[in-house]
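Q: Count along the sequence shown from 1, then add 19; that gives the number in the numbering used here.
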Amino acid sequence: MKKIILLLLAIGLLAGCALNLLTGRKQLSLVSESEVQLMATGQYKTFLAENKVLNSATSRDAATVDRIGARISTAITKYFATQGESSLLEGYKWEFNTVESKDINAWCMPGGKVVVYTGLLPVTKSEAALAIVMGHEIAHSVARHGNERMSQAMVQQLGGMALEVALAQKPQETRDLFMMTYGIGSEVGAILPWSRQQETEADQYGLIFSAMAGYDPREAIPFWQRMAAAGEGSPPEFLSTHPSDATRLRKLEQFMPEALKYYTAGK
Ligand SMILES: [Zn+2]
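1) Given a cut-off of 8 Å on the beta-carbon distance, is the pair residue 138 and residue 151 in contact?
2) If you count every other CB in all the chains shown that lies within 10 Å of the CB of residue 167, and 16 or more means buried, which is it?
3) Flag this pair as touching only if the region 78-86 and the region 36-54 have three or more C-beta atom pairs under 8 Å; answer yes or no.
4) Is residue 113 near ligand 1 - that is, is its Cβ less than 7 Å away from at least one heavy atom of it?
5) Which whole-angstrom value describes the C-beta separation of residue 162 and residue 49, a residue pair presumed to lie in contact below a C-beta threshold of 8 Å?
6) Looking at the unbroken alpha helix (DSSP H) that takes in residue 243, where does it start and where does it end?
7) At which residues does the alpha helix (DSSP H) containing residue 54 begin and terminate?
8) Helix, strand or coil: which one does DSSP assign to residue 114?
9) Of the choices 76, 73, 286, 196, whose alpha-carbon is the least far from that of residue 174?
10) Tell me the residue span of the alpha helix (DSSP H) that contains residue 133.
11) Given a cut-off of 8 Å on the beta-carbon distance, is the pair residue 80 and residue 140 in contact?
12) Taking contact to mean 3 or more Cβ pairs, one atom from each stretch, closer than 8 Å, check whether the region 58-77 and the region 116-134 are in contact.
13) Residue 235: which of 262, 57, 129, 271 sits nearest, CA to CA?
14) Taking Cβ to Cβ, would you say residue 242 is nearer than 8 Å to residue 143?
15) Is it right to say residue 215 is buried, meaning 16 or more other beta carbons lie within 10 angstroms of its own, or is it exposed?
16) Between residue 249 and the rest of its own chain, which residues show a CB-CB distance below 6 Å, the 5 nearest in sequence each way excluded?
17) At a cut-off of 7 Å, would you count residue 243 as near ligand 1, judging by its Cβ distance to the nearest heavy atom?
18) State the beta-bridge partners of residue 72 as determined by DSSP.
19) Any chance you could list the alpha helix (DSSP H) runs of at least 4 consecutive residues sitting entirely within the region 178-224, in chain order?
20) Tell me which same chain residues have a C-beta within less than 6 Å of the C-beta of residue 206, skipping the five on either side of it?
21) So, are the CB atoms of residue 94 and residue 228 less than 8 Å apart?
22) To the nearest angstrom, how far is it from the Cα of residue 165 to the Cα of residue 258?
23) At the level of alpha carbons, what is the spacing between residue 200 and residue 169?
24) In terms of alpha-carbon separation, which member of 46, 154, 211 lies closest to residue 278?
25) What's the call for residue 100, buried or exposed, on a 16-neighbour Cβ count within 10 Å?
26) Between residue 135 and residue 66, which are expected to be in contact by the criterion C-beta below 8 Å, what is the C-beta distance as a whole number of angstroms?
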């Protein structure tokens with residue numbers, strides 16, 4: 020463990036660290052955004068082919084996901100333009116899909132490839148709560164948390180080799196790592212939880228994005244309470260990677276005044 024930490028530090032100091040423009044935080048970055056976007060495009064296509072995707076022309080749930088997706092992606096584009104950080108969205112080609120599944124889950128791959136599982140909808144209950152979850156997942160993506168996590172996993176499991184080398188030499192392991200990193204059910208069955216800091220950042224920016232898209236950020240509190248209740252007994256995968264606890268609720272309360280400013284500004 021000590022060795023891994025030292026190695027992480029060394030790599031961070033030498034070359035692999037990047038300043039995140041959105042959060043202002045330095046992140047370990049062994050994989051480039053364009054590389055992971057390319058990988059995401061392929062893995063997303065495979066995932067959709069292997070799952071039952073609902074058609075938004077015939078499914079009200081899928082139409083809702085599409086509507087939220089359109090509103091949030093517009094809000095994010097506006098947010099980054101205002102901050103002078105539009106480059107963070109380079110290569111983004113948003114796609115929103117709803118898959119029929121009893122799993123309580125949702126995720127966003129690099130480049131804006133989003134999936135909502137129908138099993139999440141009985142917990143979100145309202146369009147606003149669903150928008151908050153989607154905003155949260157999208158925030159993980161634009162804050163490049165997946166790249167950070169994948170870089171850390173590559174140091175631990177593949178000795179920190181560059182992504183293109185890893186893909187050429189250990190294609191299956193690298194793809195498994197990618198799926199695990201983005202919380203997509205993989206053969207490996209391992210779950211990597213997001214770090215506390217990544218969760219806090221995703222909550223903070225997710226609230227802003229969904230509020231700008233016209234959804235009441237206050238819905239986040241009862242949603243996470245429902246999520247905690249849904250996790251009693253056998254917690255869903257989503258809760259294993261996004262623990263719902265008192266710290267999260269307290270931080271959401273702290274972010275609320277700022278998020279509400281974005282919400283009322285759009286009214
Ligand atoms: Zn999260």
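Quick reminder that beta carbons are idealized off the backbone N, C-alpha and C, glycines included.
A: Quick look at the numbers:
1) no
2) buried
3) no
4) Result no, Cβ not under 7 Å from ligand 1.
5) Rounded, the Cβ-Cβ distance is 17 Å, inconsistent with contact.
6) 239-249
7) 52-69
8) strand
9) Of the listed residues, the one whose Cα sits closest to residue 174 is 196.
10) First-last for residue 133: 132-136, but that is the beta strand (DSSP E), not the alpha helix (DSSP H).
11) It is a contact, given that the beta carbons lie within the stated cut-off.
12) yes
13) 271
14) Against a cut-off of 8 Å, the Cβ pair of residue 143 and residue 242 comes out as a contact.
15) exposed
16) 142
17) No heavy atom of ligand 1 is found nearer than 7 Å to the CB of residue 243.
18) 118
19) Qualifying alpha helix (DSSP H) stretches, in chain order: 182-188, 190-200.
20) Because the pLDDT at residue 206 is just 45, under 50, the model does not fix this residue reliably, and the value given afterwards should be weighed accordingly. None.
21) yes
22) Taking the Cα positions, residue 165 is about 17 Å away from residue 258.
23) 6 Å
24) When only C-alpha atoms are compared, the closest one is 154.
25) Of the other Cβ atoms in all chains shown, fewer than 16 fall within 10 Å of the Cβ of residue 100; this residue is therefore exposed.
26) With 8 Å as the limit, residue 135 and residue 66 do not qualify as a contact, their Cβ atoms being about 13 Å apart.
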